[in-house]
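As they're listed, the protein sequences go chains S and G. Using this note's numbering, you'd call the opening residue of the first sequence number 112 and step up by one each time. Using this note's numbering, you'd call the opening residue of the second sequence number 112 and step up by one each time. Ideal Cβ placement from N, Cα and C applies to all residues, glycine included. All of these numbers come straight from a predicted model, not from anything done at the bench. What follows is one structure encoded as structure tokens, with my remarks underneath.
There are 2 protein chains.
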Amino acid sequence: MVKVVIVGAGLAGLSAARELQRAGDEVVVLEARDRVGGRVEGGVLAGHPIELGGTWIGEGHSEMYALVDELGLTTFPTHNEPGRLLVQLGRTRALVEGTKGAVPRLNPVALADLAQGMARFDRLARSVDPAQPWAHPKAKLLDGQTFETWIRRTLHTPGGRAYFRVATEALFSADAADLSLLHALFYAVSNVDLETLLAVDRGAQKDRVRGGSVQVAERMAAGLDVRLHAAVGLVEHDHRGVAVTTRGGDVTAADRAVIALPPTLAGRLRYDPVLPAWRDQLTQKLPAGTVAKTFAAYPTPFWREDGLNGQVAGDVGPVKVTFDISPPGGEVGILLGFVEGGDARRWQRLDEAERRRSVLECLVGYFGDRAATPLAYVEKDWSAEEFTRGCYGAHFAPGVWTGFGEALRPPVGHIHWAGAEYAVEWNGYMEGAVRSGRATALALREGGSAHPPM
Amino acid sequence: MVKVVIVGAGLAGLSAARELQRAGDEVVVLEARDRVGGRVEGGVLAGHPIELGGTWIGEGHSEMYALVDELGLTTFPTHNEPGRLLVQLGRTRALVEGTKGAVPRLNPVALADLAQGMARFDRLARSVDPAQPWAHPKAKLLDGQTFETWIRRTLHTPGGRAYFRVATEALFSADAADLSLLHALFYAVSNVDLETLLAVDRGAQKDRVRGGSVQVAERMAAGLDVRLHAAVGLVEHDHRGVAVTTRGGDVTAADRAVIALPPTLAGRLRYDPVLPAWRDQLTQKLPAGTVAKTFAAYPTPFWREDGLNGQVAGDVGPVKVTFDISPPGGEVGILLGFVEGGDARRWQRLDEAERRRSVLECLVGYFGDRAATPLAYVEKDWSAEEFTRGCYGAHFAPGVWTGFGEALRPPVGHIHWAGAEYAVEWNGYMEGAVRSGRATALALREGGSAHPPM
């Protein structure tokens with residue numbers, strides 16, 4: 112039995128804590144905020160629960176489904192009727208049929224271009240081992256270029272390129288120029304493939320938790336020693352153990368620490384002794400994406416009457432991607448609009464009224480005039496949050512996987528790491544966070560001694 | 112008259128402090144270390160002063176020359192006889208003549224390739240405005256690709272590509288995959304051109320300060336209120352002013368703050384209220400390079416007898432770039448070997464004896480057996496330093512200049528920024544640090560009100 116202090120009560124930290132506690136370890140979880148969940152947070156709009164952060168459980172997210180079940184929660188399917196996605200690229204507007212909904216029907220030339228691009232991407236992605244992207248025989252080549260460079264070279268129609276770029280923003284909340292090709296491939300294969308990532312039915316946006324995903328975090332926390340308002344400032348460590356000090360001066364001594372924070376924030380803690388160069392510089396190189404979620408509630412999900420399922424992929428911002436997140440009974444209609452990447456950075460600088468106006472303008476463009484007058488509107492800018500500073504997660508610029516990837520997962524002495532960014536499978540999703548937390552707990556129990564202090 | 116607290120006693124912070132104090136402001140400089148200079152630091156090897164950090168003053172570095180003069184110091188020329196650079200790419204070894212020494216004479220095909228590559232690069236660089244690289248008409252295109260992608264597309268011979276990659280490592284202590292093409296162009300034009308950056312005579316490595324460059328910092332600090340051992344933890348700010356608190360709990364209230372730290376470290380301070388999203392995310396995206404300096408002293412600069420000037424550009428690490436930094440009288444011979452980028456990250460993980468052995472092996476390869484047995488050897492890994500965490504400076508990955516560049520220089524409310532990374536001219540050099548410090552002081556005096564609190 113050991114004592115473990117866990118920094119961060121997001122899904123990764125809570126999962127690690129539960130796993131360790133079940134195995135008989137003594138666990139304390141320190142959380143900076145006044146709530147648990149991290150990038151999973153509940154809110155209320157027009158009297159109905161909404162997810163301000165992580166929302167969906169997808170096909171294959173087996174740990175999350177099991178957890179939901181174990182915690183006495185249930186899921187319901189994401190609204191996807193009539194199974195058509197509205198694709199709006201420039202002035203071209205198309206309704207896209209299809210069970211998976213990932214490939215839009217544009218003009219035949221653009222469609223052929225897009226189809227060959229997706230096929231080439233997925234073929235290349237299958238050659239990447241998500242446990243060690245840096246080990247790919249052509250890793251240097253794949254990591255030496257941006258995803259944007261690959262898009263320009265591989266796609267030949269404006270429509271095909273635009274669709275890849277919108278998909279990139281939707282998946283990474285970053286622009287295709289921000290990512291290395293190797294990272295885009297890693298992320299796709301970690302989550303099966305590009306189509307699955309983008310899809311609702313049988314895809315990553317398949318189901319939601321009745322009452323809100325935050326309950327998963329809250330119910331996990333219920334059986335744990337979680338201390339809120341405990342922002343950590345200092346992590347002291349040596350061969351005997353760790354001592355973690357909050358900003359308020361409370362010290363928790365333990366045998367091991369798990370830092371379950373996004374990499375940038377992990378890098379901003381003070382360590383004594385300081386982290387080795389390669390690990391510190393890794394945290395300098397894993398910036399978070401820029402994304403705000405905007406929500407508008409209406410008396411009814413009126414877009415369904417027009418044969419629209421509420422899903423959009425557009426290329427004119429600020430809102431380029433939307434989902435219908437109305438409650439399961441459809442008592443009210445709620446649209447979720449994502450504002451991402453460069454659009455988000457321009458939008459952040461507007462005042463509140465301008466932000467709202469620009470979002471509703473987009474919704475009107477997609478769904479008609481009734482979108483102009485919501486019952487209620489709310490927004491959540493994750494990059495403005497002190498204890499997150501960007502969502503959904505970190506992205507790897509060119510050179511980072513090959514130059515620093517090997518330093519990502521190993522502990523430093525008795526300090527371990529967990530979070531959606533560390534997951535081999537379902538990286539970036541709630542599922543990845545849970546799996547990473549458990550994997551870290553397991554590795555910690557199996558012997559920190561396998562990882563000599565560095 | 113206002114009161115200004117400056118965080119960081121490197122050349123930028125000290126220059127800002129002097130400028131403000133001269134204008135009648137009250138200035139306090141807080142420095143985390145027990146010394147001033149930041150990335151400029153003095154050392155001693157075999158009884159002679161060496162520069163563990165910033166070393167050279169280059170052609171056009173007018174502020175540094177003036178400062179040296181004003182502070183009662185003198186310079187001496189970097190040893191450059193017989194003006195030949197040893198270029199070793201794979202098994203090809205060539206002695207390169209020429210006043211500037213930047214273009215190696217390889218085989219005629221490689222030379223022609225390299226010449227056209229350098230010409231194309233410089234032509235493109237001249238089209239970039241270093242004050243606002245994001246404003247280039249093709250900024251998105253130039254910033255959407257890595258410098259590595261450009262090298263692969265533009266250079267066609269292994270020798271030509273290798274030379275560009277070695278030059279990149281030497282200039283950025285990062286690999287060509289880590290940088291956007293736009294950043295490489297910006298950096299070149301900020302420092303005149305690529306040839307100037309690489310050159311000794313009439314180039315960026317032209318002169319040194321007799322007795323060591325650190326004296327510039329020390330003499331500037333002599334007339335200022337500099338408080339050592341004052342690592343800052345918290346910066347509180349509002350429309351009235353700032354309050355800066357050290358880790359030890361000392362509070363300095365002032366009208367304005369200048370954070371004169373590398374961007375990553377500026378991002379790791381705690382701000383209350385937190386910085387706006389765009390500024391915080393910028394600091395997540397400006398990682399420092401990886402570089403260690405290694406020094407070996409010999410009874411004489413024996414390589415000069417062999418017709419070598421001590422300068423190497425090779426493509427087999429860990430040491431790929433060397434300089435002769437013997438004292439001006441040549442009383443002893445001292446070689447400086449840079450270990451950079453990916454080489455540095457592999458080398459850092461070796462133990463002390465292995466690191467030394469691998470460095471000396473490189474020097475033997477370049478300069479013969481006499482290099483194997485130095486009188487004294489010392490090394491300085493800047494990425495291991497808590498209060499630097501990487502050198503020479505920050506580099507911009509693809510997408511950063513266009514996505515975040517406009518947030519680089521403007522103050523946030525009453526918090527201003529300074530450092531070599533912020534310089535328009537001579538970015539990355541001691542000259543850039545001094546100019547940035549002065550420019551920030553000037554902007555601060557001319558009215559923070561021009562920049563409303565964000």
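Checklist entry - What whole-angstrom Cβ distance do Ala534 (chain S) and Ala544 (chain S) have, given they're in contact under 8 Å? => result 7 Å
Checklist entry - Quick one, which residues of the stretch 492 to 519 of chain S are near chain G if we go by CB-CB under 7 Å, in chain order? => result Asp492, Ser494, Ala495, Glu497, Arg500, Gly501, Ala508, Pro509, Gly510 and Gly514
Item to check | Integer-rounded CB distance, given that Leu419 (chain G) should sit under 8 Å from Leu446 (chain G) | outcome: In fact, because the Cβ distance is near 10 Å, the residues do not count as touching under 8 Å.
Checklist entry - By how many angstroms is the C-alpha of Gly421 (chain S) removed from the C-alpha of Leu196 (chain S)? => result 8 Å
Checklist entry - When DSSP labels each residue in this structure, what does Asp383 (chain S) get in the three-state scheme? => result strand
Checklist entry - Which residues bound the alpha helix (DSSP H) around Gly228 (chain S)? => result Pro219 to Arg237
Item to check | Contact residues within the stretch 160 to 181 of chain G, judged by C-beta distance below 9 Å to chain S | outcome: none
Next on the checklist: Nearest by alpha-carbon distance to Gly121 (chain S): which of S:Gly558, S:Gly548 and S:Ala552 is it?
Outcome noted: S:Gly548
Checklist entry - Do you know how far the Cα of Pro248 (chain S) is from the Cα of Arg556 (chain G)? => result 56 Å
Checklist entry - Between the beta-carbon of Ala364 (chain G) and the beta-carbon of Ile370 (chain G), is there less than 7 Å? => result no
Item to check | Option in S:Ala315, S:Ala299 and S:Ala128 with minimal Cα separation from Ala242 (chain S) | outcome: S:Ala299
Checklist entry - Looking only at its own chain, which residues have a Cβ that is under 6 Å from the Cβ of Ala213 (chain G), when we skip the five neighbours before and after it? => result Its pLDDT being 46, under 50, Ala213 (chain G) is placed unreliably in this model, and the coordinates cannot settle the point.
Next on the checklist: Output needed in chain order: residues of the stretch 284 to 308 of chain G with a Cβ under 7 Å from some Cβ in chain S.
Outcome noted: Asp286, Ala288 and Asp289
Next on the checklist: I need the DSSP call for Leu252 (chain G), collapsed to helix, strand or coil.
Outcome noted: helix
Item to check | Glu451 (chain S) to Gly344 (chain G) span [Cα, whole Å] | outcome: 31 Å
Checklist entry - Is the CB-CB distance between Ile168 (chain S) and Phe406 (chain S) below 7 Å? => result no
Checklist entry - In chain order, what residues of the same chain have a beta carbon less than 7 Å from the beta carbon of Ala561 (chain G), not counting five sequence neighbours either side? => result The predicted model places Ala561 (chain G) with a pLDDT of 37, which falls under 50 and marks its position as unreliable, so this point remains unresolved.
Checklist entry - Would a check of beta-carbon distances place Gln395 (chain S) closer than 7 Å to chain G? => result yes
Item to check | Residue span of the alpha helix (DSSP H) that contains Tyr274 (chain G), given as start and end | outcome: Pro269 to Phe283
Checklist entry - Since Ala328 (chain G) sits in a beta bridge, which residues does DSSP pair it with? => result Paired residues: none, contrary to the question.
Checklist entry - Can you list, in chain order, the residues of the stretch 239 to 259 of chain G whose Cβ is nearer than 7 Å to any Cβ on chain S? => result Asp254, Gly255, Gln256, Thr257 and Glu259
Next on the checklist: Report the start-end ranges of each beta strand (DSSP E) in the stretch 464 to 504 of chain S that is 3 residues or longer and not cut off at the edges.
Outcome noted: 487 to 492
Checklist entry - Roughly how many whole angstroms lie between the Cα atoms of Arg144 (chain G) and Arg150 (chain G)? => result 11 Å
Checklist entry - Looking at the unbroken beta strand (DSSP E) that takes in Phe406 (chain G), where does it start and where does it end? => result Val402 to Tyr409
Checklist entry - For Lys211 (chain G), which three-state DSSP category applies? => result In this prediction, Lys211 (chain G) scores a pLDDT of 46, lower than 50, which makes its location untrustworthy; no coordinate-derived value is stated.
Next on the checklist: Under 7 Å, Cβ to Cβ, is there at least one residue of chain G near Asp391 (chain S)?
Outcome noted: yes
Item to check | Residues within the stretch 518 to 550 of chain G neighbouring chain S, beta-carbon criterion of under 9 Å | outcome: Ala518
Checklist entry - By the criterion of Cβ-Cβ separation under 9 Å, what are the contact partners of Val385 (chain S) in chain C? => result Annotation note: the requested chain C is absent from the structure, which comprises protein chains S and G.
Next on the checklist: Quick check on this structure: which residue in S:Arg133, S:Arg415 and S:Asp304 has the alpha carbon closest to the alpha carbon of Met112 (chain S)?
Outcome noted: S:Arg133
Checklist entry - Counting contacts by CB-CB distance shorter than 7 Å, is Pro398 (chain S) in contact with chain G? => result yes
Item to check | Minimum Cβ-Cβ distance from Gly428 (chain G) to chain S less than 7 Å | outcome: no
Checklist entry - Per DSSP, which one or two residues make a beta bridge with Val113 (chain S)? => result For Val113 (chain S), which the question treats as bridged, DSSP gives no partner whatsoever.
Item to check | Cα-Cα separation, Gly209 (chain S) to Met229 (chain S) | outcome: Bear in mind that the predicted position of Gly209 (chain S) carries a pLDDT of just 49, short of 50, making it unreliable; the figure below should be weighed with that in mind. Going from the Cα of Gly209 (chain S) to the Cα of Met229 (chain S) covers about 16 Å.
Checklist entry - In the structure shown, what three-state DSSP assignment does Ser291 (chain S) receive? => result strand
Item to check | Anticipated Cβ contact below 8 Å, Gly270 (chain G) with Asn218 (chain G), distance rounded | outcome: 7 Å
Checklist entry - So is Thr363 (chain G) in contact with chain S if we call contact Cβ pairs under 7 Å? => result no
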